[in-house]
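Residue numbers (full-length UniProt numbering): 1 to 230.
Just so it is clear, CB atoms sit at the ideal spot from N, CA and C, and this is done for glycine as well.
This one's a predicted model, so the numbers in the text were calculated from it and none came from an experiment.
For reference, the structure discussed in these notes is given below.
Rendered as structure tokens:
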């Protein structure tokens, strides 16, 4: 008797359709706002930034799920929908609103098992949980860890430097800001539970440390007061 191969619940074509829906939904969320858009000038509020963040989280969450033995389809679909309501709902309820949108889409597109839809929506709803990750399902843990990881490392550094421009800071403040990225990343990574996510975090934090050292080496007058530790 041969070994049964589990087929994916979501085909590549179906996943591409979901991606287009999420992208269009985010764009519409900004366009439909009153008074020209809530903080539209701020890069973190743009549909482009939010969709890029979502794709980063999809990639990270899928890799963590694959290595840790979680249900990859549940994780990657939940990751795709996790911030779909971020631009139209208050922060405190965006996870629940995202789960609602995900349920509406999955229930009307394709023929997904009810158990699959329920699990995806539960993961989306729980992704803002701030307690110990040992308290949530493995699939939710993969998504939360991926969400954390996208905020640290080289990407987190680039976003912090972009923010400096909006705060009218000069490049001489860069070392201080990069130090902040490192410290926040180290604190955030303390929540990680899976071996895979911890390994990713270690590599990302090393990159931030190296960048700070390279920066100070090339700009001798830069403030050297802040020192990396760990």
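Inset, instruction - Taking only the alpha-carbon atoms, compute the straight-line gap between residue 201 and residue 193 and give it to the nearest angstrom. - result: Within the chain shown, the letter at position 201 stands for residue 201. Within the chain shown, the letter at position 193 stands for residue 193. Between residue 201 and residue 193, the C-alpha separation is close to 11 Å.
Legend entry - Rounded C-alpha distance that separates residue 143 from residue 57: On the chain shown, position 143 is the one that residue 143 refers to. On the chain shown, position 57 is the one that residue 57 refers to. Rounded to the nearest angstrom, the two C-alpha atoms are 7 Å apart.
Inset, instruction - Grab me the residues of residue 139's own chain with a C-beta within less than 6 Å of its C-beta, minus the 5 sequence neighbours each way, in chain order. - result: As a first step, residue 139 is located in the chain shown; it is residue number 139 there, counting from the start. Here the set comprises 70, 71, 74, 75 and 123.
Legend entry - Contact between the segment 150 to 161 and the segment 177 to 194 (3+ Cβ pairs under 8 Å): yes
Legend entry - Where residue 49 falls: helix, strand or coil (DSSP): Looking up residue 49 in the chain shown gives position 49. Reduced to three states, the DSSP call for residue 49 is helix.
Inset, instruction - Would you identify the three-state DSSP class for residue 88, choosing helix, strand or coil? - result: As a first step, residue 88 must be located in the chain shown, where it is residue number 88. Three-state DSSP puts residue 88 in coil, outside helix and strand.
Inset, instruction - Tell me whether residue 20 is buried or exposed, calling it buried when 16 or more other Cβ atoms sit within 10 Å of its Cβ. - result: Within the chain shown, residue 20 is the residue found at index 20, counting from 1. By the neighbour-count rule (16 or more Cβ atoms within 10 Å), residue 20 is not buried but exposed.
Legend entry - Contact with chain B by residue 199, beta-carbon distance below 8 Å: Note that chain B does not occur in the displayed structure, where there is just one protein chain.
Inset, instruction - Measure the alpha-carbon distance for residue 233 versus residue 61 and round it to whole angstroms. - result: Since the first residue shown for the chain is 1 and the last is 230, residue 233 is missing from the structure and cannot be characterised.
Legend entry - Completely contained alpha helix (DSSP H) runs for the UniProt domain "HD" (50 to 155), where each covers 4 or more residues: 72 to 81, 94 to 108, 114 to 126 and 138 to 149
Legend entry - residue 163 - DSSP class collapsed to helix/strand/coil: Within the chain shown, numbered from 1, the residue matching residue 163 stands at position 163. Helix at residue 163.
Inset, instruction - Please report how far the alpha carbon of residue 135 lies from the alpha carbon of residue 129, in whole angstroms. - result: As a first step, residue 135 is located in the chain shown; it is residue number 135 there, counting from the start. As a first step, residue 129 is located in the chain shown; it is residue number 129 there, counting from the start. Near 9 Å, if we compare the C-alpha coordinates of residue 129 and residue 135.
Legend entry - C-alpha gap between residue 185 and residue 205, whole angstroms: For the purposes of this step, residue 185 is taken as the residue at position 185 of the chain shown. For the purposes of this step, residue 205 is taken as the residue at position 205 of the chain shown. Computed Cα separation, rounded: 7 Å.
Legend entry - Status (buried if at least 16 other CB within 10 Å, exposed otherwise) for residue 219: Along the chain shown, one-based indexing puts residue 219 at 219. The residue in question, residue 219, is exposed, as its Cβ has fewer than 16 Cβ neighbours within 10 Å.
Inset, instruction - Measure the Cβ-Cβ separation of residue 153 and residue 208 and say whether it is below 8 Å. - result: For this step, residue 153 is matched to residue 153 along the chain shown. For this step, residue 208 is matched to residue 208 along the chain shown. Yes, they are a contact pair.
Inset, instruction - Could you spell out the range, first to last residue, of the alpha helix (DSSP H) harbouring residue 181? - result: Working through the chain shown from its first residue, we reach residue 181 at position 181. 174 to 189 is the span of the alpha helix (DSSP H), which, as asked, contains residue 181.
Inset, instruction - Check whether the Cβ atoms of residue 26 and residue 80 sit closer than 8 Å, and answer yes or no. - result: Start at 1 with the first residue of the chain shown, and residue 26 comes out as number 26. Start at 1 with the first residue of the chain shown, and residue 80 comes out as number 80. Contact flag unset, no.
Inset, instruction - Throw me the rounded Cβ distance for the residue 116 and residue 9 pair, which I believe falls under 8 Å. - result: Here residue 116 corresponds to residue number 116 of the chain shown, with the count starting at 1. Here residue 9 corresponds to residue number 9 of the chain shown, with the count starting at 1. Between the beta-carbon of residue 116 and that of residue 9 there is about 5 Å, and that keeps the pair under the 8 Å contact cut.
Legend entry - Extent of the continuous alpha helix (DSSP H) to which residue 194 belongs: For this step, residue 194 is matched to residue 194 along the chain shown. Per DSSP, residue 194 belongs to no alpha helix (DSSP H) and is neither H nor E.
Legend entry - Where residue 11 falls: helix, strand or coil (DSSP): To locate residue 11, count along the chain shown from 1; it is residue 11. Residue 11 falls in the coil class under three-state DSSP.
Inset, instruction - Taking only the alpha-carbon atoms, compute the straight-line gap between residue 121 and residue 217 and give it to the nearest angstrom. - result: Working through the chain shown from its first residue, we reach residue 121 at position 121. Working through the chain shown from its first residue, we reach residue 217 at position 217. Residue 121 and residue 217: Cα-Cα distance of roughly 48 Å.
Legend entry - Distance CB(residue 150)-CB(residue 164) smaller than 8 Å: Your numbering for residue 150 matches position 150 in the chain shown. Your numbering for residue 164 matches position 164 in the chain shown. No.
Legend entry - residue 213, buried or exposed, once every other Cβ within 10 Å from all chains shown has been counted against 16: Residue mapping note: residue 213 aligns to position 213 of the chain shown, counting from 1. Flag for residue 213 reads exposed.
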